[in-house]
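Each remark here refers to the structure printed beneath this line.
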Amino acid sequence: MATNFFCLMLVLFQSVFALNQQKPNIIFMLMDDMGWGDLGIFGHPAKETPNLDKMSAEGMLFTDFYSANPLCSPSRAAMLTGRLPIRNGFYTSTYHGHNGYTPQNIVGGISDSEVLLPELLKQAGYYTKLIGKWHLGHQEQYLPLKHGFDEWFGAPNCHFGPYDDVSTPNIPVYDNEDMIGRYYEDFVIDRNKDLSNYTHFLIEKAKEFISRMHQADSPFFLYWAPDSTHDPVYSSEKFRGKSQRGAYGDAVMELDYGVGSILNLLKELNLDQNTLVFFSSDNGAAMLSSSCVDGSNGPFLCGKQTTFEGGVREPTIAWGPGFVKPGQISHQLGSLMDWFATAADLAGVSPPTDRLYDGISLRSVLYNGEPFNRPIFHYRGNTLFAVRFGLYKAHYWTWTNSWEEYKTHGYEFCRGENVPNITTHDQMNYTAQPVMFHLGRDPGEKCPMKFNSEYEAAMKLIKNEVMKHEQNLIPGDAVLDMCDNGIMNWAPKGCDKLNKCLEGPPSEPFKCVWNH
Numbered sequence: 013m014a015t016n017f018f019c020l021m022l023v024l025f026q027s028v029f030a031l032n033q034q035k036p037n038i039i040f041m042l043m044d045d046m047g048w049g050d051l052g053i054f055g056h057p058a059k060e061t062p063n064l065d066k067m068s069a070e071g072m073l074f075t076d077f078y079s080a081n082p083l084c085s086p087s088r089a090a091m092l093t094g095r096l097p098i099r100n101g102f103y104t105s106t107y108h109g110h111n112g113y114t115p116q117n118i119v120g121g122i123s124d125s126e127v128l129l130p131e132l133l134k135q136a137g138y139y140t141k142l143i144g145k146w147h148l149g150h151q152e153q154y155l156p157l158k159h160g161f162d163e164w165f166g167a168p169n170c171h172f173g174p175y176d177d178v179s180t181p182n183i184p185v186y187d188n189e190d191m192i193g194r195y196y197e198d199f200v201i202d203r204n205k206d207l208s209n210y211t212h213f214l215i216e217k218a219k220e221f222i223s224r225m226h227q228a229d230s231p232f233f234l235y236w237a238p239d240s241t242h243d244p245v246y247s248s249e250k251f252r253g254k255s256q257r258g259a260y261g262d263a264v265m266e267l268d269y270g271v272g273s274i275l276n277l278l279k280e281l282n283l284d285q286n287t288l289v290f291f292s293s294d295n296g297a298a299m300l301s302s303s304c305v306d307g308s309n310g311p312f313l314c315g316k317q318t319t320f321e322g323g324v325r326e327p328t329i330a331w332g333p334g335f336v337k338p339g340q341i342s343h344q345l346g347s348l349m350d351w352f353a354t355a356a357d358l359a360g361v362s363p364p365t366d367r368l369y370d371g372i373s374l375r376s377v378l379y380n381g382e383p384f385n386r387p388i389f390h391y392r393g394n395t396l397f398a399v400r401f402g403l404y405k406a407h408y409w410t411w412t413n414s415w416e417e418y419k420t421h422g423y424e425f426c427r428g429e430n431v432p433n434i435t436t437h438d439q440m441n442y443t444a445q446p447v448m449f450h451l452g453r454d455p456g457e458k459c460p461m462k463f464n465s466e467y468e469a470a471m472k473l474i475k476n477e478v479m480k481h482e483q484n485l486i487p488g489d490a491v492l493d494m495c496d497n498g499i500m501n502w503a504p505k506g507c508d509k510l511n512k513c514l515e516g517p518p519s520e521p522f523k524c525v526w527n528h
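Note that our numbering has the sequence shown beginning at 13, numbered continuously upward.
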């Protein structure tokens with residue numbers, strides 16, 4: 013009898029050990045231009061995000077979580093490399109303090125010298141897929157399958173258009189290495205009705221991948237990156253006209269439905285105990301005009317493109333019953349780059365040691381709620397604009413956008429908000445005596461602190477962090493400097509099979525123009 017009992021306990025121990033040895037599945041859900049204030053859990057009065065609100069109740073809600081840049085491409089590059097754009101090259105060196113991204117005439121893209129998260133995870137036996145927007149370069153050498161993803165369904169650029177396919181080609185949609193059509197043609201977006209089935213495709217693709225990985229009993233990494241809340245916004249017919257908030261709200265409701273659908277599938281397949289899901293946005297909600305048709309940044313100043321809180325503080329949730337106790341609210345200062353470090357930590361893989369990383373593993377925060385002190389550096393282009401440390405945020409430079417952009421297009425970036433000598437259309441240099449806000453007392457950055465003893469004490473700490481940061485900073489080669497209309501999406505791989513290859517102009521590189 014004792015022998016049988018011992019054998020039974022040994023089997024149980026081995027089973028538990030084997031379970032603990034399983035590599036956790038990892039899902040990144042990254043929204044596009046979704047603001048901190050768009051979620052009901054953060055106080056939006058429409059309360060139209062029940063699944064995301066439930067996700068936060070079942071997991072950990074981060075109140076002080078940041079993007080790595082106030083614009084899409086640099087932010088995404090930083091998330092997948094764990095390194096600030098100034099290190100990985102996703103910035104422009106031709107304009108001081110201007111943002112750049114990857115329109116379809118950009119020459120550059122993610123460097124081969126950068127090691128992306130899916131490349132690391134593949135070393136640990138993960139199968140990887142990107143579903144949705146890439147935005148790290150559209151030429152073949154920069155595409156996802158060249159940088160660690162086993163599969164991809166999505167587009168390399170934003171869904172701007174429709175274009176005439178003569179002066180500008182419509183953006184291709186890829187299934188793995190070949191294009192399978194173009195936006196506005198094979199993947200219709202009706203801009204008059206703000207209507208498209210594309211988000212529905214992305215939801216179903218995610219569920220199919222998860223189910224297939226479950227059948228294969230393979231650890232997986234899924235990067236789910238829908239873009240329907242980026243202008244021009246869209247949703248499917250099922251959600252059209254359902255929101256109090258107009259077309260943007262319809263898009264948010266469909267994304268919320270998609271999140272709920274994916275999490276429910278994880279539960280149905282009993283994958284939830286061994287899957288960690290992160291939800292966030294690449295940057296703050298856009299505030300381009302006074303029409304109020306886009307997202308909400310809650311109480312925070314300004315929006316996308318700026319290093320004010322509205323441009324960089326993101327709605328962020330961590331979910332996974334095996335990793336996160338339910339109902340937690342964390343004030344830990346976090347960054348999208350921390351997802352890189354956390355995923356690598358949980359997967360048991362080590363990034364290369366020949367470079368510096370800016371992301372920090374959140375494992376102790378997720379498991380035990382143990383916070384740690386760290387600075388958050390906010391760059392705009394090639395320039396350090398602001399630093400947050402504790403509850404203090406120091407601005408070394410401030411501005412919204414150029415006079416040219418404002419006068420020509422009416423773009424504001426700080427709709428309806430004016431902080432004298434801060435929200436200006438001229439770059440304001442405060443490096444000699446940075447403007448500081450206490451984000452506990454003044455989360456909206458409306459009231460600059462006085463230059464008193466509290467300011468001096470906080471500034472001493474921040475200056476020390478900046479000094480350490482700059483001593484170890486080696487900027488990467490800027491990849492957002494050069495553009496060329498001849499390398500746009502004229503003839504992506506696979507276009508010949510569809511009879512959709514287009515003839516473009518000859519290559520003629522020129523310096524990109526960044527007005528913002």
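Quick reminder that beta carbons are idealized off the backbone N, C-alpha and C, glycines included.
All values reported here derive from a predicted model rather than from experimental measurement.
Taking residue i as the reference, give the member of the options with the closest Cα.
i, options, result
"Trp411", "Cys304, Asn111, Gln439, Val289", "Gln439"
"Gly371", "Thr93, Arg453, Ser292", "Thr93"
"Lys405", "Leu64, Thr395, Phe389, Tyr418", "Phe389"
"Val127", "Thr395, His147, Pro446, Val361", "Val361"
"Asp187", "Asp162, Asp350, His437, Glu197", "Asp162"
"Arg99", "Asn309, Ser125, Val119", "Ser125"
"Glu520", "Thr436, Lys219, Val119, Pro363", "Val119"
"Cys304", "Lys158, His481, Glu429", "Glu429"
"Val447", "Asp454, Ile434, Gly456", "Ile434"
"His437", "Phe199, Met43, Gly121, Thr318", "Thr318"
"Ile499", "Ile183, Glu131, Ala90, Gly52", "Ile183"
"Ile143", "Val178, Val185, Lys279, Arg203", "Val185"
"Gly121", "Phe449, Asn511, Val491", "Val491"
"Gly160", "Lys134, Trp146, Gly149, Ser179", "Lys134"
"Ala355", "Ser68, Asp44, Pro130, Ala228", "Pro130"
Distance, Cα to Cα, residue i vs residue j?
i, j, result
"Ile274", "Leu283", "11 Å"
"Pro231", "Ile39", "11 Å"
"Leu485", "His407", "19 Å"
"Ala58", "Trp236", "25 Å"
"Asn117", "Leu281", "43 Å"
"Leu207", "Ala297", "20 Å"
"Cys513", "Tyr442", "51 Å"
"Pro168", "Arg375", "31 Å"
"Val271", "Ile201", "22 Å"
"Arg95", "Asp366", "13 Å"
"Trp351", "Thr140", "15 Å"
"Lys217", "Met494", "34 Å"
"Asp190", "Asp239", "20 Å"
"Gln34", "Ala136", "11 Å"
"Asn385", "Ala398", "17 Å"
"Phe401", "Glu477", "9 Å"
Spell out the partners DSSP gives residue i in its beta bridges.
i, result
"Met43", "Ser293"
"Lys141", "Glu163, Leu234"
"Gly193", "Val185"
"Lys505", "The partner list for Lys505 (beta bridge, DSSP) is empty, contrary to what the question assumes."
"Lys279", "Its beta-bridge partners do not exist; DSSP assigns none."
"Ile38", "Phe233, Leu288"
"Asp202", "Leu207"
"His407", "Ala398, Val447"
"Met440", "Thr410"
"Met494", "Lys523"
"Ile118", "Cys495"
Please state whether DSSP places residue i in a helix, a strand or coil.
i, result
"His390", "strand"
"Met299", "coil"
"Tyr107", "coil"
"Gly272", "helix"
"Asn380", "helix"
"Lys337", "coil"
"Lys523", "strand"
"Met461", "coil"
"Pro412", "A quick correction: the sequence has Thr, not Pro, at residue 412. Here Thr412 sits in coil by DSSP."
"Arg367", "coil"
"Met10", "As shown, the chain starts at 13 and ends at 528. That puts residue 10 outside it, with no answer to give."
"Trp331", "strand"
"Met91", "helix"
Give a single yes or no on whether residue i has its beta carbon closer than 8 Å to a heavy atom of the ligand HEM.
i, result
"Ala259", "With respect to the ligand HEM, the structure offers nothing, as it holds no ligand at all."
ask   = Is the segment 100-107 touching the segment 495-508, taking contact as three or more C-beta pairs under 8 Å?
value = No: the two stretches stay apart, fewer than three of their Cβ pairs being nearer than 8 Å.
For the segment 208-217 against the segment 261-277, are there 3 or more C-beta pairs whose distance is under 8 Å?
-> Result yes; three or more Cβ-Cβ pairs closer than 8 Å.
Under 8 Å, with one C-beta from each stretch per pair, do the segment 76-94 and the segment 39-49 reach the 3-pair mark?
Yes: at least three Cβ pairs fall under 8 Å.
With a cut-off of 8 Å, do at least 3 Cβ pairs link the segment 164-184 to the segment 235-250? As far as the Cβ criterion goes, the segment 164-184 touches the segment 235-250, which means the pair count is three or higher.
Determine contact between the segment 456-469 and the segment 331-339, defined as no fewer than three beta-carbon pairs at a distance below 8 Å. Not touching, per the Cβ criterion.
query: Any chance the segment 139-154 sits against the segment 375-385, with 3 or more Cβ pairs inside 8 Å?
result: No: fewer than three Cβ pairs fall under 8 Å.
Is the segment 284-291 close to the segment 413-428, with three or more CB pairs under 8 Å? Counting Cβ pairs under 8 Å, fewer than three are found: no touch.
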